[in-house]
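This note's numbering runs 120 ahead of the 1-based position in the sequence shown. Written below as structure tokens is the structure these notes are about.
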Amino acid sequence: MTSYTPDLKPVILGHKLEVLTPGDLEYIKGSTLRLLEEVGVHFPLQSALAIFSDHGAKVDMDTQIVCIPASLVEKAMSTAPRSCVRAGREERFDLLPDDVLKELEIILATADKGAERLH
């Protein structure tokens, strides 16, 4: 049995949403890099510990804590894809990063209209 699902129709709003400023993003990035390097992360998997050690991270095999240098994190980030697709049941329902932002705008606009009706 197949069911028909209508195509999604985007609603384009004139809002520009900036949740975090560039300064906020830099602060979060710097704090995260310091945390990864100075405090570390618990990895209870021997193969993961070996990989981190092979790539220059400081690994304590007893506590299974990995301290990852900022340079290693930034190198990994430079090779990561800049975006990803949220896959739908069918390809025509896939959402690209821009579609996700439009979705968020719709949710926020709907919430604003609901708040207006309450006043």
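Every residue, glycine too, gets a C-beta built ideally from N, C-alpha and C.
Per DSSP, what kind of secondary structure is LEU165 in: helix, strand or coil?
Residue state, collapsed to three classes: coil.
Output needed for LEU169: all residues of its chain with C-beta closer than 8 Å, excluding positions within five of it in sequence on either side, in chain order.
Taken in chain order, the residues that qualify are PHE163, VAL179, MET181, GLN184, VAL186.
Using the beta-carbon count (16 or more within 10 Å), is ARG237 buried or exposed?
For ARG237, the predicted model reports a pLDDT of 49, less than 50, meaning its position is unreliable; a value from the coordinates is still stated below. Per the 10 Å Cβ criterion, exposed.
Starting from ASP180, trace the beta strand (DSSP E) both ways and give me its first and last residue.
Looking at the DSSP string, the run of the beta strand (DSSP E) that includes ASP180 is 178-180.
First and last residue of the beta strand (DSSP E) that includes VAL186?
Looking at the DSSP string, the run of the beta strand (DSSP E) that includes VAL186 is 185-187.
Please name the residue, chosen from THR199, THR141, PRO142, VAL193, that lies closest to VAL161 on a Cα-to-Cα basis.
The shortest C-alpha separation from VAL161 is found at VAL193.
Taking buried to mean at least 16 other C-beta atoms within 10 Å of its own C-beta, is ILE227 buried or exposed?
Exposed: under 16 other Cβ atoms inside 10 Å.
In this structure, does DSSP put LEU216 in helix, strand or coil?
Coil, per DSSP.
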